[in-house]
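Residue 80 in UniProt numbering is what sits at position 80 of the sequence shown, and the numbering runs on without skipping anything.
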Amino acid sequence: MAVATLYPRSRVASAFLSRLFSLSLSHPTPPPPPPPIAPPEDVNDISRVLSDFRSPHHDIEDALAPFSSKLSTNLVEQVLKRTKNLGFAAHRFFLWAKRFPVRAFNRMVDFGLRPSSNDLDHLLYLLCKRKLVKHGQEFFDKVKQQFGPSVKTYSILIRGWGDIDDSVHARKMFDEMLQRGCVVDVPAYNSLLEALCNGGDIDEAYAMFRDMASKGLTPDANTYSIFIRSYCKRDNIHSVFRVLDRMKRYNLVPNLYTYNCIIKRLCANQKVEEAYQLLDEMIKAGVNPDTWTYNTIQAFHCDHCEVNRALRLLSRMEKENCKPDRHTYNMLLKMLIKIGRFDKVEEVWDSMPRRGFYPSVSTYAVMIHGFLKKKRKLEEACKYFETMIDEGVPPYSSTIELLRNRLLGLGFSDQIDILADKMEASSCSSIKELSKAMRGHRSQRRRRGEESSELSEEEWPFRPDSVDS
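Structure, rendered in structure tokens:
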């Protein structure tokens with residue numbers, strides 16, 4: 001099971017599982033020796049971490065990383081017994097331990113399989129992807145004499161160090177790769193260039209870029225895109241377009257992620273017209289914008305209360321077969337309510353089902369909170385709250401509290417009872433429970449953390465790290 005999780009598409013995994021299955025049927029094996037007893041101090045330390053990181057919003061994987069090399073079946077068992085009352089945190093620890101790939105790699109030999117360089121590459125890739133580069137490096141240093149690592153192996157580690165902004169270790173790996181006589185290719189150079197740029201060493205990155213030609217290597221689109229993204233982070237628009245023009249001369253096209261980075265920087269610099277020009281250019285080049293692309297420009301229009309342009313952009317998304325998401329609607333509705341264009345609010349709301357979007361809790365919160373801030377719009381706020389209950393969407397506790405306090409302040413206690421009765425009659429158990437908060441029971445605060453994280457996103461409706469490169 002561990003190896004199946006590690007290599008879902010690898011032929012090695014298939015061979016491993018097939019071999020394991022055939023051995024279990026045809027050759028009974030003696031029971032394995034009992035696993036070593038886990039050190040009590042490790043059990044105590046991990047249990048303490050699980051207690052301190054019990055919230056769903058805590059980065060428990062980062063906190064558990066120092067214990068990865070100590071992981072064993074017995075350790076996991078002892079920790080789970082110790083933390084049986086920390087249900088959620090204990091479950092997250094179990095999933096973390098189950099996914100950790102080093103155990104599966106080391107156990108391949110136990111089943112008569114000899115790990116290959118390709119298996120090592122898979123392992124290092126998974127470790128680096130989870131930001132466990134240091135552990136991947138330590139494991140690599142232990143086994144590299146056995147495998148004869150390739151340029152791909154080194155590129156994975158170089159990229160991993162670059163992802164955590166450690167250009168020093170990335171350069172060290174690149175130099176070691178050269179010393180071993182590996183034939184360096186363009187992806188290897190790209191990994192180093194990205195690591196150097198992420199670490200702020202752009203001058204050194206440019207020197208390495210020039211060095212590619214001396215080795216007979218031709219930069220590809222990703223090579224240039226690395227510099228473009230780095231210049232975007234440093235707000236150097238002039239250099240961005242200088243590199244972009246150079247790509248055009250070589251008939252190279254940036255990928256979607258790179259275009260999105262440029263558009264975001266242009267909008268941040270109040271250059272929305274140039275962002276539109278780039279939008280047209282990328283479509284002409286065969287790169288289809290995604291929702292993130294349009295949301296970047298939409299955020300500019302909403303920040304500047306440009307109603308007509310925002311609505312035209314929403315229509316353009318539909319024509320380009322790009323489906324709006326909750327960020328698209330939330331920032332648009334928030335802007336329309338803020339400036340009092342209630343006719344357009346209804347128009348946008350009614351168009352959602354046609355565009356394949358059905359409002360979530362955050363969208364309802366935008367509507368209800370927005371109307372409660374406007375004069376003589378309490379009835380509309382109540383209407384959307386009732387719709388929310390009818391649709392079976394549990395509201396945020398802050399939404400309930402805000403609406404309840406407004407109704408109380410205006411002397412509409414009967415309306416509070418009506419809404420609470422409606423919540424109690426809901427088929428959704430969460431809504432039933434939240435009816436206590438509407439009646440004034442202040443014990444309901446379990447959705448506060450989720451609500452604050454959702455609504456905080458509405459101030460900036462998307463995050464660059466959610467975009468795949």
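Just so you know, even glycine gets a beta-carbon here, dropped at the ideal spot from N, CA and C.
A check of alpha carbon separations from Phe147 across Leu123, Asp165 and Pro324 identifies Leu123 as the nearest. Assignment of Phe412 by DSSP, reduced to helix, strand and coil, places it in the coil class. For Val186, the CB contacts under 6 Å within the same chain, skipping 5 residues up- and downstream, are Leu217 and Asp220 in chain order.
Exclusion of the five residues before and after Gly286 leaves Val253 as the residues of its chain whose Cβ lies within less than 8 Å of its Cβ. Ala63: member of the alpha helix (DSSP H) spanning Ile60 to Leu64, first to last residue. The distance from the Cβ of Ser117 to that of Ser150 is about 6 Å, consistent with a contact at the 8 Å cut-off. Excluding residues up to 5 positions away in sequence, Val133, Ala195 and Gly199 lie with their Cβ nearer than 8 Å to the Cβ of Asp166 in the same chain. Residue burial annotation: Lys323 is exposed, with fewer than 16 other C-beta atoms found within 10 angstroms of its C-beta.
Asp325 sits in coil when the DSSP states are folded into three classes, being neither helix nor strand. At the C-beta level, Thr296 and Ile263 come within 9 Å of one another. The alpha helix (DSSP H) runs of length 4 or more contained entirely in the UniProt repeat "PPR" (290-324) are, from start to end of the chain, 291-303 and 307-319. Residue environment: Tyr154 is assigned as buried (16 or more neighbouring CB atoms within 10 Å of its CB, all protein chains considered).
Taking the CA atoms as reference points, Ile202 sits about 43 Å from His91. Boundaries cannot be given for Arg54, as no alpha helix (DSSP H) includes it and DSSP labels it neither H nor E. When secondary structure is reduced to three states using DSSP, Tyr224 falls in the helix class. Shown here for Tyr364: same chain residues with a beta carbon closer than 8 Å to its own, the five before and five after excluded, namely Tyr384, Phe385, Thr387, Met388, Val393, Pro395 and Thr399 in chain order.
The shortest CA-to-CA distance from Ser230 to any of Leu193, Glu273 and Met282 is the one to Leu193.
The C-alpha of Asp42 lies about 22 Å from the C-alpha of Leu127.
Rounded to whole angstroms, the Cβ separation of Cys197 and Ile226 is 6 Å, and the two are in contact under 8 Å. In terms of CA proximity to His301, Met331 leads the group Ala97, Met331 and Glu281. In chain order, Asp121, Leu124, Tyr125 and Cys128 place their CB closer than 7 Å to the CB of Ile156, counting only its own chain and leaving out the 5 sequence neighbours on each side. Residue state for Val151 is assigned as helix, using DSSP reduced to three classes.
Pairwise C-beta distances place the segment 400-417 in contact with the segment 432-439, as three or more of them are shorter than 8 Å.
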